[in-house]
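Residue numbers (my numbering), protein chains in the order written: chain F, 335 to 471; chain D, 335 to 471.
Beta carbons are placed, not taken as given, at the ideal position from N, Cα and C, and that holds for glycine.
The block underneath contains the structure these notes are about, expressed in structure tokens.
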DNA sequence: ATTAAATACTATCTTAAAGTAGTATTTTGC
DNA sequence: GCAAAATACTACTTTAAGATAGTATTTAAT
Ligand code: SF4
Ligand code: SF4
């Protein structure tokens, strides 16, 4: 139902970048548009770079660019990189090793929706977030 | 996608109670069956009592009983009581004042599912969690 | 070469959720 | 009356996420 702040930031940053005409993004630029704490965003950017989503260009005129084609970056990969996806596989009631045969009291009502969400995050790519209709990042 | 530990506990406790033949539940009893930290559970129980879901019976032979009919207790009310439901209305990307007219990059794919979840929590009651099939609490 | 503008690194602080400990109070059975 | 078994209350500790601060490094324009 809710991601960690860090995942939110990561998705907002990358979603913002993919919806822009720009190629290179400085931390300063991202901070002013996304209102994410400066130093926190910078750490997150190097983290995203380490994970191969973006590439950093150091020095003057530097910044960040995508490191690979956005069609190959799945949202679940981003979340997995910054906070781990594991905590979401064991779901609403925090249980794990769940199955239809040994369900918690919410399973029949919730598991189908949970699966939709997980499936969505697994199949949606950054490229899918590109749209002219987007007004908020 | 995930509730706070406290909400998980609250739902597991009440879901466990509604699926039992017992009428009165001591904290000790709940702790042994649900493996929730003793003192934490006790605090949560008095909190749930203050919120009118259960009633505490003090003294020897005491414990907790439902304070009203389980068909009148909606899951969203429980979550709202222990951690607040507000944080879930502004969804995946942590934005608020969302609408179809000013969507974030995930809106079209995610909002429908989010609405299903919120709707589920609003309409499901504790009574709906009662089933012979439940194996884990 | 020097400076300016950018990222990288490391260490620390803050905050809120979660968990723990100890004491006080209530009620019933004997 | 008193002990036993339960809940209630208050204060503290721990943990992890989030945020901040300061310094070092890299690179290009001049
Ligand atoms: S809803 Fe199903 S998958 Fe989720 S915690 Fe309950 S049993 Fe496990
Ligand atoms: S998915 Fe829709 S409702 Fe959720 S944060 Fe984005 S714009 Fe708001």
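Open item on the list: Please report the straight-line C-alpha distance between residue 431 (chain F) and residue 424 (chain F), rounded to a whole angstrom.
Closed with: 7 Å
Open item on the list: Rounding to the nearest angstrom, what Cα-Cα distance links residue 349 (chain F) and residue 446 (chain F) in this structure?
Closed with: 27 Å
Task: Beta-carbon contacts of residue 361 (chain D) that lie in its chain and below 8 Å, excluding the five residues immediately before and after - done: 372, 375, 376, 379, 397 and 398
- [ ] Verify whether the separation of the beta carbon atoms of residue 344 (chain F) and residue 405 (chain F) is less than 7 Å.
- [x] no
Open item on the list: If the cut-off is 7 Å on Cβ atoms, which residues from the segment 343-363 of chain D count as contacting chain F, listed in chain order?
Closed with: 345, 346, 349 and 353
Open item on the list: Let me confirm a value: residue 459 (chain F) is counted as buried when at least 16 other C-beta atoms fall within 10 Å, else exposed. Which label applies?
Closed with: buried
Open item on the list: Given 6 Å as the limit, tell me if residue 437 (chain D) has its C-beta closer than that to any heavy atom belonging to ligand 2.
Closed with: yes
TODO: Just the C-alpha distance for residue 347 (chain D) and residue 393 (chain D), rounded to the nearest angstrom, thanks.
DONE: 21 Å
TODO: With a 10 Å radius around its C-beta and 16 neighbouring C-beta atoms as the bar for buried, classify residue 358 (chain D) as buried or exposed.
DONE: exposed
TODO: Rounded to whole angstroms, what's the CA-CA distance from residue 452 (chain F) to residue 410 (chain F)? Just pull it up for me.
DONE: 8 Å
Open item on the list: Could you compute how far the alpha carbon of residue 437 (chain F) sits from the alpha carbon of residue 471 (chain D)?
Closed with: 9 Å
TODO: Can you grab the Cα-Cα spacing for the pair residue 464 (chain F) / residue 367 (chain F), in whole Å?
DONE: 17 Å
TODO: To the nearest angstrom, report how far apart residue 403 (chain D) and residue 383 (chain D) are at their CA atoms.
DONE: 14 Å
TODO: Can you give me the Cβ contacts of residue 390 (chain F) inside the same chain, cut-off strictly under 8 Å, excluding the 5 residues immediately before and after it?
DONE: 379, 380, 383, 396, 397 and 398
TODO: Tell me, to the nearest whole angstrom, how far the beta carbon of residue 341 (chain F) is from that of residue 413 (chain F); I am working on the premise that it is less than 8 Å.
DONE: 5 Å
Open item on the list: Taking only three categories from DSSP, how would you classify residue 447 (chain F)?
Closed with: helix
Open item on the list: According to DSSP, simplified to helix, strand and coil, what is residue 459 (chain F)?
Closed with: strand
TODO: Kindly provide the ranges of any beta strand (DSSP E) runs that are 3 or more residues long and lie completely inside the segment 380-458 of chain F, ordered along the chain.
DONE: 388-391 and 397-400
Open item on the list: Contact defined as beta carbons within less than 8 Å: I believe residue 428 (chain D) pairs with residue 339 (chain F). What is the distance between those atoms, to the nearest angstrom?
Closed with: 7 Å
Open item on the list: Could you compute how far the alpha carbon of residue 442 (chain F) sits from the alpha carbon of residue 364 (chain F)?
Closed with: 42 Å
Open item on the list: For a quick check, are the C-beta atoms of residue 468 (chain D) and residue 439 (chain F) less than 7 Å apart?
Closed with: yes
TODO: Starting from the C-beta of residue 416 (chain D), find all residues in its chain whose C-beta is less than 6 Å away, skip the five residues before and the five after it, and write them out in chain order.
DONE: 340, 341 and 344
Task: Contact list for residue 437 (chain D) against chain F, beta-carbon separation under 9 Å - done: 465, 467, 468, 469 and 470
Task: Helix, strand or coil at residue 350 (chain F) according to DSSP, with G and I counted as helix - done: helix
- [ ] Could you spell out the range, first to last residue, of the alpha helix (DSSP H) harbouring residue 366 (chain F)?
- [x] 361-368
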